[in-house]
Amino acid sequence: MSMQSLFVGLSDFWAKQGCYLAPTYDLEVGAGTMTPDTFFRVLGRKPWRVAYVQPSRRPTDGRYGENPHRVQKHFQFQVIMKPSPLNIQRIYLDSLVSLGINLSEHDLRFDEDDWESPTIGSWGVGWQVMLDGLEITQFTYFQQAGGLELFPVSVEITYGLERLEMFLEQKDNIYNLKWSDDVTYHHLRFREEKEFSIYNFEQADTNMLRSSFAAAEKEAQRLISQQLLLPAYDYCLKCSHLFNLLDARKAISVTERVKMIGQIRTLVNQIARLYVDQEGEN
Amino acid sequence: MEFLLEIMTEELPSAHVKGALAQLQEGFSKEIRASGIEVSSLKALGTCRRLVLTADLGAGQPDQEEIVTGPPRTAGLAADGSFTRAAQGFARSQGISVDNLQVVKTAKGEYLGFKRQKKGKSTTEILKEKLPAIISSLSFPKTMRWADKSFRFSRPVKSLLCLFNGEVVRVSLEGLEASDKTAGHFIHSPVVLTANSYQQYYQALKDNFVLVDPVERKRRIEGQFQEKLTGLKAQIYPDERLLERLLWNVECPLVIMGSFPDSYLSLPLEVLSTAMREGQQLFSVVKGKKQLPYFLGIADAPSDPKNYIVTGNERVLKARLEDARFFWENDLKVSLMERAKQLSGVVFQEKLGSYADKVARLQELVGYISERLDLRNLKKDLTEAARLSKSDLLTEMVREFPELQGKMGGIYAQRQGWPETVSRAIYEHYQPESWEDQVPDSVGGAILSLADKLDTLAGISGTGYTISGSSDPYGLRRSALGVSKIILDKKFHLSLRRLIDKSVSLLKKKLTLPEEQVKAACLGLLEGRLRFILEKKGYSYDLINAALAPGLDYLDYAEARIEALSSLKASKNFEQFIMMVKRVKNILKDSPKAKLDPARLTEKEEKELYSALKIIRKNAEGMMAKGDFAGAQKIIFRLQAPLNSFFDRVLVMAEDKRIRSNRLALLAQVQSLVDQLADYSQIVGSSENS
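Next up, the structure:
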């Protein structure tokens with residue numbers, strides 16, 4: 007097993023379930039949930055099935071490459087099915103079996119864990135899937151996105167690829183994972199983790215980040231007024247990442263945090279509403 | 159005849175399962191009984207994947223006689239007594255002979271009609287009719303929708319099994335139809351099973367790794383805990399909440415035991431057990447007060463043949479402990495004093511400012527309380543403790559594990575060389591978190607906790623925030639409970655009113671409500687929690703009302719008053735005394751206030767009452783000032799004899815207005831003395847109990 011055979015295996019499995027395999031989105035995001043392939047498509051009534059790998063950046067999780075489990079960028083395998091199939095839990099279990107996991111030798115649990123992202127006005131109900139005590143997947147029935155009630159309901163399955171791979175390879179250290187037969191995770195990512203940790207925690211220029219946030223927020227507003235919703239949403243994603251960087255620099259007070267999250271949410275909610283209205287017209 | 163219902167779902171949160179089972183049992187019992195079906199041996203059980211109800215039910219509704227009415231008598235019977243065409247038409251429409259019609263008297267007058275036997279519905283029919291609504295009406299703290307269904311439930315419903323007397327009852331609910339099929343363990347035996355009775359259902363599930371009865375699961379877990387621990391002569395660190403949660407989370411409990419490297423034992427116990435419990439849901443293993451490098455967990459599997467479950471959990475726990483060590487080492491790099499300076503950037507509450515502001519108020523408040531308690535020697539240490547008390551909010555450990563707030567501050571303070579009084583006070587200053595929780599052990603911890611809670615109480619109430627129903631995001635009830643519990647348990651002799659005055663004066667400029675209103679709100683909250691505590695201690699509501707009537711100030715006195723009342727309630731004098739007091743109160747009810755002129759007391763009995771009152775008052779007030787309410791109570795009982803003679807021989811409502819008002823003034827003095835002890839009129843006498 008290797009990280010790349012995991013990408014390939016899951017892609018193959020979900021393609022067979024009728025999912026369109028989307029290319030990775032080319033902006034920094036905190037989670038696969040935030041890309042347009044999920045955010046826009048769970049809105050409205052049209053059915054949708056998609057699967058994709060998404061690098062997810064969480065600046066505060068950086069550990070300078072020194073912690074065997076936490077990294078400031080990790081990889082998610084994201085699946086959206088709309089409407090949620092009635093036997094989706096079983097399909098999910100089959101995906102694990104397809105990776106060669108003999109479930110009868112393990113303890114697999116769906117453990118209550120509702121998901122919410124105030125930044126994009128979204129929440130859902132579901133579980134973290136625990137395999138022998140390791141959280142390998144977040145499993146969520148989306149109830150609301152962009153402040154809008156969702157119907158039909160989409161199910162989102164987000165595999166944490168490093169976690170799953172550590173389980174499959176029985177490794178204690180993320181950097182010892184195989185990316186392919188002859189390339190390790192360390193080889194590909196160690197330097198990146200180290201340098202970005204220094205950047206995230208010590209070097210990021212907070213004045214520059216603040217002014218960029220303000221500029222991106224303004225641009226998103228302008229684009230909304232032009233009804234250019236996808237570009238406007240891109241600028242919301244930029245705001246979100248800039249916010250996360252400021253947060254890693256501990257440059258945000260509690261009140262400021264509430265205010266900035268509120269700013270992004272307001273924009274995202276407007277975009278969602280306009281998008282649904284436009285879809286209704288088509 | 160046996161009834162069995164199973165609602166299979168995707169994993170329900172364990173907190174939802176218990177509530178749903180209780181509602182299911184109650185709703186079923188109510189609805190089915192109301193339909194005239196006998197219900198006995200009703201039992202609800204299940205797991206996070208199935209809600210199960212079983213009962214013994216009657217065969218059906220009893221047959222009933224019903225009266226069918228047709229046209230009014232006047233329209234149905236002709237003058238000669240023969241049936242009119244209207245009557246004949248009615249008989250035909252009902253399929254009976256016209257001769258069967260008779261005159262029926264109803265509330266609306268006389269009609270033609272006939273009796274017929276109405277067949278009761280079968281239980282199967284009733285179940286089909288009622289079950290969908292019973293199931294749909296289950297309420298959960300949070301519900302969801304799935305797929306393209308409009309139905310709401312805690313988690314998606316997968317299937318229904320419904321049997322009555324061995325036969326399937328085809329109940330239908332939101333596109334699902336009940337059958338006699340269920341399924342074994344979702345992972346370990348995902349096969350379809352067919353049931354024809356509860357016993358057979360239960361056994362088939364058991365054979366397929368599902369213990370449907372929570373009692374049996376609990377027994378298995380406890381047995382396996384014992385097995386694992388006896389060799390070590392160790393115990394699990396008790397955690398009822400975790401056990402309860404896991405009990406509903408698993409269908410096939412298996413206790414596993416694992417270990418972690420000794421090197422992590424250098425982390426504080428609090429950190430180790432929190433890292434195990436939160437997220438990992440593991441129990442820590444202790445011997446006495448010492449943490450051992452082991453944990454116990456509850457898996458949902460029949461066995462762990464390849465030891466994957468244990469090693470997997472070990473690996474994850476090690477990662478968590480590694481992270482905890484990262485936080486621990488990082489946190490120690492910055493002193494609490496240094497962090498205290500950064501608190502100005504952390505908001506306590508929007509209108510009340512930052513935690514630095516709060517800390518400044520706490521420093522004043524602990525100084526004030528120390529002085530009031532004559533503990534001036536603590537003042538310096540507690541001022542330091544207050545200054546450092548909120549610094550741990552900025553540590554990474556508390557960010558990761560918020561429930562360690564206070565405790566981490568105390569531990570870091572100790573490591574940074576602060577005196578024991580300081581570190582203990584910080585460690586304990588969130589206690590008590592609930593009624594069951596202990597108050598701080600150390601006096602310093604108690605004082606700091608008191609100050610913190612008073613400040614929250616006065617501050618949050620003072621911004622116009624009130625509690626509504628179960629919503630209490632700032633924990634005002636918890637703060638009020640903490641204040642009352644600490645003062646009582648620590649036997650602090652403190653004036654609550656002055657504490658609140660002091661707290662309000664420190665907050666002054668930040669409060670948006672008038673000061674008097676804030677104080678009243680605080681007292682109201684405190685009184686509510688004090689009543690709750692006294693009820694929990696087993697005092698009846700009437701005694702509580704009586705003892706709290708003189709007003710809330712010194713809580714130790716309030717408790718002493720109620721203890722005195724309670725201990726004397728059994729005595730014979732008590733009841734008579736209460737009658738007397740009620741009589742005095744009644745007489746005085748509508749009387750204007752008057753000044754007593756002792757020279758105008760004429761009758762022997764009123765003079766005697768007056769002199770007795772003077773002596774008793776002097777003694778009783780002296781005792782009350784020292785907090786001896788039981789003594790004061792006993793002395794006041796001595797008013798009874800002179801009062802008795804007074805009422806027997808003296809006419810209070812004398813003709814002469816001046817004499818009358820003087821006698822009323824005498825009684826008013828009696829009442830004002832008695833009122834200092836309690837409002838006796840609130841007490842329900844044994845003869846009044848019904």
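Protein sequences appear in the order of chains A and B. So for the first sequence, the numbering used here puts the first residue at 7; every next one is plus one. So for the second sequence, the numbering used here puts the first residue at 159; every next one is plus one. Ideal Cβ placement from N, Cα and C applies to all residues, glycine included. On a predicted model such as this, the values are computed, not experimentally measured, just so you know.
Go ahead and pull the three-state DSSP assignment for residue i.
i       : result
R313(B) : coil
F485(B) : helix
E168(A) : helix
N847(B) : Caution applies to N847(B), whose pLDDT of 43 falls short of 50 and renders its modelled position unreliable; the value that the coordinates give is listed next. Coil at N847(B), not helix or strand.
M415(B) : strand
R55(A)  : strand
L49(A)  : coil
K201(B) : strand
P372(B) : helix
A174(B) : For clarity, residue 174(B) is His in the given sequence; the question names Ala instead. Reduced to three states, the DSSP call for H174(B) is helix.
A457(B) : strand
F157(A) : coil
L401(B) : helix
Q276(A) : helix
M737(B) : helix
Under 8 Å between the Cβ atoms of residue i and residue j?
i       : j       : result
G166(A) : T146(A) : no
I230(A) : Q276(A) : yes
F116(A) : E169(B) : yes
K376(B) : V329(B) : no
D113(A) : I467(B) : yes
A616(B) : V524(B) : no
D711(B) : L654(B) : yes
G511(B) : K753(B) : no
L608(B) : I527(B) : yes
I190(B) : L215(B) : yes
L319(B) : E196(B) : no
L321(B) : L179(B) : no
Looking at the ligand COA, does it come within less than 7 Å of residue i, judged from the CB to the closest heavy atom?
i       : result
L615(B) : The ligand content of the structure shown is nil, which means the ligand COA is not present either.
If you measure from the beta carbon of residue i to each beta carbon in chain A, is any gap under 8 Å?
i       : result
M302(B) : yes
Q438(B) : yes
Y838(B) : no
K464(B) : yes
D458(B) : yes
D420(B) : no
E480(B) : yes
N471(B) : yes
P171(B) : yes
A305(B) : yes
Write down the C-beta distance between residue i and residue j rounded to the nearest angstrom, noting that I regard them as a contact closer than 8 Å.
i       : j       : result
V144(B) : T227(B) : Residue 144(B) lies beyond the range of chain B shown here (159 to 848); nothing can be said about it.
N471(B) : D178(A) : Wrong, their Cβ atoms sit about 13 Å apart, outside the cutoff.
F148(A) : V159(A) : 6 Å
V274(A) : G152(A) : 5 Å
T164(A) : Q95(A)  : With 8 Å as the limit, T164(A) and Q95(A) do not qualify as a contact, their Cβ atoms being about 15 Å apart.
L706(B) : A718(B) : So it is not a contact: roughly 12 Å between Cβ atoms.
P61(A)  : A254(A) : In fact, because the Cβ distance is near 17 Å, the residues do not count as touching under 8 Å.
L771(B) : L797(B) : 7 Å
Checking contacts by CB at 8 Å: is residue i closer than that to chain B?
i       : result
R115(A) : yes
A278(A) : no
Y241(A) : no
F157(A) : yes
H75(A)  : yes
H2(A)   : Chain A is shown from 7 up to 288; residue 2(A) falls before or after that span and cannot be answered.
* Would the region 592-601 of chain B and the region 506-524 of chain B be scored as touching if the rule is three or more Cβ pairs under 8 Å? -> no
* Asked: Using 8 Å as the Cβ pair cut-off and three pairs as the minimum, do the region 688-701 of chain B and the region 635-644 of chain B touch?
  -> yes
* Could you tell me whether the region 226-243 of chain A touches the region 38-49 of chain A, using the rule of 3 or more Cβ pairs below 8 Å? => yes
* **Three-pair Cβ contact test at 8 Å for the region 303-315 of chain B versus the region 263-275 of chain B** => no
* Asked: So does the region 471-484 of chain B actually touch the region 413-423 of chain B, counting three or more Cβ pairs closer than 8 Å?
  -> yes
* Should the region 203-223 of chain A be regarded as contacting the region 494-510 of chain B, the criterion being three or more beta carbon pairs within less than 8 Å? -> no
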